[in-house]
């Protein structure tokens, strides 16, 4: 898309007020206005008819975005800043880990946090380059986006103004150095006492669990678990199949669970209280084979070196931050991301001691397990997993990363650049579902292919080996036996309401269908949103659930959802699936491209895919495609042998460390 030099580009990432519309119209003064609306709320705006709306699809290229972002992350800590030395040269954690890659650089989740801002800046920057406007008018609620776009326009020699309701670039927002020093020093004083109080309370409430000396000599397999997220009826649901397979293969093996809290408030008095107390402790006594880092407290041998490293790190960081090269180092597609990354860097430096304490606590807990043959870790590339792996490395315990959800190129957490691979604690081996996940890790990322095990996902074995009876599940859920059941598993995508509306439109013409909505408790799309859609469609018999997904999956004929693990489970169970994507972007996971699901990019395609899924017309071909998908994506899970395969690989590691029984 091109325009002459009189064109104005309006970049809108937040709802416009009537005053904003008048302001843009006045600035236009009869000139052409091209409007890029990006973001769920902005895309729903109605604009003056004389404005030309620019679709996000005109500038969006998911692969280019992925490539640019990862290249920026990989290059930043290696740029010379002071005397030819880079950030990674000057600042490292204990044991040599990169502060960048264990701090701001690891924040790559595609659906939240840093990447959402980076993505917005990237798309808006591409729009500015494509249109080549004389002036850019911005309406955004994010100060970081405002600062980045202002710098982009400045670098291109384009005028940039901000709407009355818009956030603008902050004035000296990267100041506050004195406050940073004071708050960090206070934190350094408080944190040792916090850990001590937390450990004492944990010991009083949970108690210590210690094996007999002779038992501690037997090799143990340690599995990390989030509590209470990963537990149901005090059983670690994600590990049960693997545990059973390990015991079948070796009756003498010990199993232990390193438990980490999964629900910690982030703000307010509740967050302060949870620094020294976890409500989940009251239930932990019932958990067999538990290990908890909360009962480990730090001695002076940990606290003093960590404090010294923290203070030295703060002094070194301030020297870097004063350098001109530092201020110029955050350029990304011509925009300055300093407003986004400098606060994150300061926080990472300010919490260096916290990392040391957490690693020491986890190491002490692992040591209490006696001889450990292997440590199986989920969420390997998140901070909690990195801390577990770092602790295991200090004890020379082999680590195995265990895939816990679908991996794909745009799941940037697992697109591991070379710098991250070299600068963070990564698992010695990575157990993945299938060959596709192995390709994502080793071809789109830098994880060594020879360290990847294709084992399948043990937690899915039961779907293949012990599928529930669909009729029995229908009766238990009080669902009709004489209708075709379409299960809609909701997702957090902004466009998902439109997809559900399309399902309801199909159901309005198919009295033989029973629509069941399994809703997730979400802030943006609560259950009432779907109930309102059903009422608008004139459907009074739609059934809504907030739980019992496994039972609903067994009871349904067709499942409709977005790119998520729920579709993977349905394919394993032999269900027909429709993978919806009502956005302008490509599918995240290749369910459709690799034959596992039917597509639905709009209401018309939804109707056609529903027809095919419910008819015998394409049944044979759909089954052939399903099996082909499983061969590439599910590995041994397709035969129900994932747990058996993974257990054999883990036991082949032999005895690790620490080989002691003290």
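In our numbering, the protein residues as written are 17 to 678. Heads up, the beta-carbon is just placed ideally off N, CA and C, and yes, glycines get one too. These numbers were taken from a predicted model, which means no experiment stands behind them.
Item	Value
So residue 593 is in the beta strand (DSSP E); what residue range does that whole segment cover?	592 to 596
Using the DSSP secondary-structure output, state which residues sit across from residue 306 in a beta bridge.	273
When the Cα atoms are used, what is the spatial distance from residue 212 to residue 443?	30 Å
Check whether the Cβ atoms of residue 629 and residue 558 lie closer than 8 Å to each other.	no
Does the Cβ-Cβ distance between residue 603 and residue 609 come in under 8 Å?	yes
If you drop the 5 nearest sequence neighbours on each side, which residues of the same chain put their C-beta closer than 8 Å to that of residue 553?	517, 520, 521, 523, 524
Less than 8 Å separating the beta-carbons of residue 475 and residue 177?	no
Apart from the five residues on each side of it in sequence, which residues of its chain come closer than 6 Å, Cβ to Cβ, to residue 701?	One cannot answer for residue 701 here, as it falls past the ends of the chain, which runs 17 to 678.
For residue 469, which beta-bridge partners are listed by DSSP?	447
Give the straight-line distance between the Cα atoms of residue 670 and residue 465, rounded to the nearest whole angstrom.	21 Å
From which residue to which residue does the alpha helix (DSSP H) around residue 588 run?	581 to 588
On the CB-based measure, 16 or more other CB atoms within 10 Å of its CB, does residue 481 come out buried or exposed?	exposed
Helix or strand or just coil, what does DSSP make of residue 357?	helix
Answer yes or no: do residue 26 and residue 51 have a C-beta to C-beta separation smaller than 8 Å?	yes
Write down every uninterrupted run of the beta strand (DSSP E) in the stretch 352 to 412 whose length is 3 residues or greater and which is fully enclosed by it, in chain order.	388 to 393
The alpha helix (DSSP H) that contains residue 172, what's its start and end?	159 to 172
Can you name the start and end residues of the alpha helix (DSSP H) that residue 650 belongs to?	Where residue 650 is concerned, there is no enclosing alpha helix (DSSP H), given that its DSSP letter is neither H nor E.
Using the three-state DSSP reduction, which class does residue 136 fall into: helix, strand or coil?	helix
Does DSSP put residue 260 in a helix, in a strand, or in coil?	helix
Quick one, are the C-beta atoms of residue 401 and residue 410 less than 8 Å apart?	no
With contact counted as at least three CB pairs below 8 Å, one residue from each stretch, are the stretch 317 to 328 and the stretch 158 to 170 in contact?	no
Expressed to the nearest angstrom, what Euclidean distance is found between the alpha-carbon atoms of residue 534 and residue 383?	43 Å
Taking 8 Å as the limit between beta carbons, can you name the residues of its chain near residue 207, skipping five residues before and five after?	369, 370, 373
Please report how far the alpha carbon of residue 291 lies from the alpha carbon of residue 200, in whole angstroms.	16 Å
Quick check on residue 251: buried or exposed, where buried means 16 or more other Cβ atoms within 10 Å of its Cβ?	exposed
Starting from residue 616 and walking both ways along the beta strand (DSSP E), at which residues does that stretch end?	614 to 616
Go ahead and pull the three-state DSSP assignment for residue 424.	coil
How many whole angstroms separate the CB atoms of residue 122 and residue 437, which I take to be in contact at a CB cut-off of 8 Å?	Not really, about 12 Å apart at Cβ, beyond 8 Å.
Pick from 414, 626, 664: whose alpha carbon is nearest that of residue 503?	626
Buried or exposed: residue 564, going by 16 or more other Cβ atoms within 10 Å of its Cβ?	exposed
Based on Cα-Cα distance, which residue from 117, 41, 36, 101 lies nearest to residue 431?	117
Nearest by alpha-carbon distance to residue 426: which of 86, 39, 42, 73 is it?	86
Would you check if the distance between the CB atom of residue 594 and the CB atom of residue 390 is smaller than 8 Å?	no
Contact check, residue 74 vs residue 349 under 8 Å by CB: the rounded distance?	Wrong, their Cβ atoms sit about 16 Å apart, outside the cutoff.
Give the straight-line distance between the Cα atoms of residue 132 and residue 580, rounded to the nearest whole angstrom.	19 Å
Can you list, in chain order, the residues of its chain with a C-beta nearer than 6 Å to that of residue 40? Leave out the 5 residues immediately preceding and following it.	26, 153
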